[in-house]
Amino acid sequence: MTNRSKIVIAGGSGFIGNALILELKADYEVVILSRSAKLIEDATVAQWTGHDLGDWTTYVDGAFALINLVGEPITLPWTDENKKKILDSRVESTTLMAKAIRTVKAPPKVWINASAVGYYGDTGDEVKDETSPAGDDFLAETCLAWERAQDETEVPQTRKVKLRVGFVLGRDGGAFPQLAKLTKGFLGGAVGNGHQWVPWIDLRDLARMFRWAAETEIKGPINGVGPEPVQNKDLMAAMRHAAHRPWSPPAPAFAVKLAGSVIGMQTDVALVSQRAVPKVALEKGFQFQHSDLAQVLQELFEGTENKKTE
Numbered sequence: 039m040t041n042r043s044k045i046v047i048a049g050g051s052g053f054i055g056n057a058l059i060l061e062l063k064a065d066y067e068v069v070i071l072s073r074s075a076k077l078i079e080d081a082t083v084a085q086w087t088g089h090d091l092g093d094w095t096t097y098v099d100g101a102f103a104l105i106n107l108v109g110e111p112i113t114l115p116w117t118d119e120n121k122k123k124i125l126d127s128r129v130e131s132t133t134l135m136a137k138a139i140r141t142v143k144a145p146p147k148v149w150i151n152a153s154a155v156g157y158y159g160d161t162g163d164e165v166k167d168e169t170s171p172a173g174d175d176f177l178a179e180t181c182l183a184w185e186r187a188q189d190e191t192e193v194p195q196t197r198k199v200k201l202r203v204g205f206v207l208g209r210d211g212g213a214f215p216q217l218a219k220l221t222k223g224f225l226g227g228a229v230g231n232g233h234q235w236v237p238w239i240d241l242r243d244l245a246r247m248f249r250w251a252a253e254t255e256i257k258g259p260i261n262g263v264g265p266e267p268v269q270n271k272d273l274m275a276a277m278r279h280a281a282h283r284p285w286s287p288p289a290p291a292f293a294v295k296l297a298g299s300v301i302g303m304q305t306d307v308a309l310v311s312q313r314a315v316p317k318v319a320l321e322k323g324f325q326f327q328h329s330d331l332a333q334v335l336q337e338l339f340e341g342t343e344n345k346k347t348e
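Everything in the sequence shown is counted per our numbering, starting at 39 for the first residue and increasing by one.
Have a look at this one:
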């Protein structure tokens with residue numbers, strides 16, 4: 039038995055969830071809600087279907103925090119069927135979190151629901167903070183419905199936070215592994231015209247931000263992005279520098295879309311510009327530890343090479 043406070047993470051067996059376990063394990067009992075019974079190091083696994091209440095709610099009872107990361111990948115080809123999967127997976131899991139909170143005797147102190155900076159739509163050079171309105175494209179409408187599913191829920195004893203996650207840089211997930219492969223293969227040019235803004239954040243800072251949001255008396259939306267968004271052309275230049283590769287020609291927008299249709303991914307999300315900034319986090323005192331893009335990329339490439347030699 040443990041007397042440590044408990045944090046329950048739905049969808050916590052993936053890229054961001056693993057980073058959260060690493061961040062939280064020393065100070066919290068971490069419980070992962072998973073469809074699989076496979077053991078996860080440094081965490082307790084509670085099986086769930088992702089659709090129904092069940093025995094897993096006993097872990098929510100008395101928990102300090104409930105974090106929901108559930109959602110189908112937005113890189114799925116945007117067929118009508120997949121769009122429904124992308125939307126429903128987010129809204130339904132959020133609704134299920136709400137039901138669990140209302141069911142237990144001792145509801146969590148805080149409920150952090152993931153969202154995304156896709157909330158703002160394709161915004162060109164406009165700077166977007168947490169007060170900016172939602173966009174009107176598919177991802178924006180998905181994020182809006184996702185957030186409304188939490189906003190419209192009455193859980194008076196539980197503080198609600200929406201963490202709008204940006205472009206996450208980490209060695210073992212997100213876009214970095216594929217971008218690193220392309221860059222090392224001398225294909226690390228800008229995507230499209232390269233002017234689109236990328237609101238990047240180091241995975242370690244994102245994990246720390248989730249923890250900070252849980253431990254700080256804060257509510258509402260928080261942009262889970264770093265303090266210095268960059269244009270795609272500058273991101274790719276930094277990638278080439280870290281990988282010790284020369285200039286590469288840009289990939290035309292039509293080629294990016296064509297490649298997506300060939301490999302079965304919605305690659306044109308890389309053409310969207312989102313100049314989101316972490317206004318709330320900075321104003322409320324969050325301290326970024328990994329905001330130097332060149333340093334972050336150097337560490338990631340070195341980590342990738344070290345992993346190969348292990």
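C-beta atoms are modelled at their ideal positions from N, C-alpha and C, and glycine is treated no differently.
Is it the case that the Cβ atoms of Thr191 and Ala136 are separated by a distance below 8 Å?
For the purposes of this step, residue 191 is identified with residue 153 of the sequence shown, where counting begins at 1. For the purposes of this step, residue 136 is identified with residue 98 of the sequence shown, where counting begins at 1. Contact: yes.
Excluding the five sequence neighbours on either side, which residues of its own chain have a C-beta within less than 6 Å of the C-beta of Gly173, listed in chain order?
To locate residue 173, count along the sequence shown from 1; it is residue 135. Hits under 6 Å: Tyr158 and Gly159.
Suppose the cutoff is 7 Å on Cβ atoms and the five residues either side in sequence are ignored; what does the same chain contact list for Pro287 look like?
Here residue 287 refers to the residue found at position 249 when the sequence shown is read from its first residue. Cβ within range, chain order: Gly227.
Just to confirm, are Gly50 and Leu58 a CB contact at a threshold of 8 Å?
Sequence index remark: in the sequence shown, residue 50 carries index 12 (1-based). Sequence index remark: in the sequence shown, residue 58 carries index 20 (1-based). Yes; because the gap between Cβ atoms is below 8 Å, this pair is in contact.
Along the chain, where does the beta strand (DSSP E) containing Thr82 start, and where does it finish?
The count along the sequence shown starts at 1 and reaches residue 82 at position 44. Thr82 -> beta strand (DSSP E) spans Thr82 to Gln85.
If you measure between the beta carbons of Glu67 and Arg42, is that distance less than 8 Å?
In the sequence shown, the residue the question calls residue 67 occupies position 29. In the sequence shown, the residue the question calls residue 42 occupies position 4. Yes. Within cutoff.
Please go through the same chain and pick out, in chain order, the residues whose beta-carbon is closer than 7 Å to the beta-carbon of Lys322, but skip the five residues on each side of it.
Counted from its first residue, the sequence shown places residue 322 at position 284. Correct list, in chain order: Thr254 and Ile256.
For Trp94, list the residues DSSP reports as bridge partners.
Start at 1 with the first residue of the sequence shown, and residue 94 comes out as number 56. According to DSSP, Trp94 bridges with nothing at all.
With DSSP as the reference, please indicate the residues paired to Trp149 in a beta bridge.
Taking the first residue of the sequence shown as position 1, residue 149 is located at position 111. Per DSSP, Leu104 and Lys198.
Taking the beta carbon of Thr87 as the centre, do at least 16 other beta carbons fall within 10 Å, making it buried, or is it exposed?
Reading the sequence shown from its first residue, position 49 is the one you call residue 87. When all chains shown are included, Thr87 counts as exposed.
Can you tell me the Cα-Cα spacing of Val108 and Val165, whole angstroms?
Within the sequence shown, residue 108 is the residue found at index 70, counting from 1. Within the sequence shown, residue 165 is the residue found at index 127, counting from 1. Looking at the two C-alpha atoms, the distance is approximately 28 Å.
Name the one or two DSSP bridge partners that Asp240 has.
Position 202 of the sequence shown, counting from 1, holds the residue named residue 240. Answer is Leu207, bridged to Asp240.
By DSSP, does Val69 sit in helix, in strand, or in coil?
Here the question's residue 69 lines up with position 31 in the sequence shown. Val69: strand per DSSP, three-state reduction.
Secondary structure of Val307, DSSP reduced to three states:
For this step, residue 307 is matched to residue 269 along the sequence shown. Three-state result, Val307: helix.
Are Ile239 and Val268 close, meaning C-beta to C-beta below 8 Å?
Indexing the sequence shown from 1 puts residue 239 at position 201. Indexing the sequence shown from 1 puts residue 268 at position 230. Taking 8 Å as the Cβ cut-off, Ile239 and Val268 do not qualify as a contacting pair.
Taking 8 Å as the threshold, find out whether the region 227-236 comes into contact with the region 305-312 through three or more Cβ pairs.
Taking one beta carbon from each stretch, the region 227-236 and the region 305-312 have 3 or more pairs nearer than 8 Å; the two touch.
Helix, strand or coil at Gly230 [DSSP, three-state]
Taking the first residue of the sequence shown as 1, we reach residue 230 at position 192. It is coil, neither helix nor strand.
Based on the DSSP secondary-structure assignment, which residues constitute the bridge partners of Lys122?
One-based indexing of the sequence shown puts residue 122 at position 84. None, per the DSSP bridge assignment.
Cβ separation of Val69 and Val46, assumed to be a contact under 8 Å, to the nearest whole Å:
In the sequence shown, counting from the first residue as 1, residue 69 sits at position 31. In the sequence shown, counting from the first residue as 1, residue 46 sits at position 8. The pair is a contact, with the Cβ atoms about 5 Å apart (cut-off 8 Å).
Contact belief for Leu91 with Ala138 at Cβ below 8 Å, rounded distance in angstroms:
In the sequence shown, residue 91 corresponds to position 53, counting from 1. In the sequence shown, residue 138 corresponds to position 100, counting from 1. Correct: roughly 6 Å between the Cβ atoms.
Residue closest to Asp189, alpha-carbon to alpha-carbon, out of Gln325, Thr113, Ser153 and Pro284:
By 1-based counting over the sequence shown, the position of residue 189 is 151. The option with the nearest alpha carbon to Asp189 is Ser153.
For Lys211, collect the residues of the same chain with a Cβ closer than 6 Å to its Cβ; drop the 5 residues on either side in sequence, then sort them by chain order.
To locate residue 211, count along the sequence shown from 1; it is residue 173. A small fix is needed here, since residue 211 is Gly in this sequence, not Lys. Contacts found: Phe53.
Please report the straight-line C-alpha distance between Ala245 and Thr132, rounded to a whole angstrom.
Counted from its first residue, the sequence shown places residue 245 at position 207. Counted from its first residue, the sequence shown places residue 132 at position 94. Using only the alpha carbons, I get a separation of about 20 Å.
Residue ranges of each beta strand (DSSP E) run of no fewer than 3 residues wholly in the region 253-337, ordered along the chain?
258-262
Exposure label - Ile105; buried when at least 16 CB within 10 Å
Here residue 105 is taken as the residue at index 67 of the sequence shown, counted from 1. Its Cβ being crowded by 16 or more others within 10 Å, Ile105 is buried.
For the putative contact between Trp149 and Lys198, defined by C-beta atoms under 8 Å, what is the C-beta separation to the nearest angstrom?
As a position in the sequence shown, residue 149 is number 111, starting the count at 1. As a position in the sequence shown, residue 198 is number 160, starting the count at 1. Going by Cβ atoms, the distance from Trp149 to Lys198 rounds to 5 Å, so yes, they are a contact pair.
Beta-carbon proximity of Arg313 to Trp235, cut-off 8 Å
Locating residue 313 in the sequence shown gives position 275, counting from the first residue. Locating residue 235 in the sequence shown gives position 197, counting from the first residue. It is a contact, given that the beta carbons lie within the stated cut-off.
So is Asp118 buried or exposed if we call it buried at 16+ other beta carbons inside 10 Å?
The residue you call residue 118 lines up with position 80 of the sequence shown. Exposed is the label assigned to Asp118, since fewer than 16 other Cβ atoms lie within 10 Å of its Cβ.
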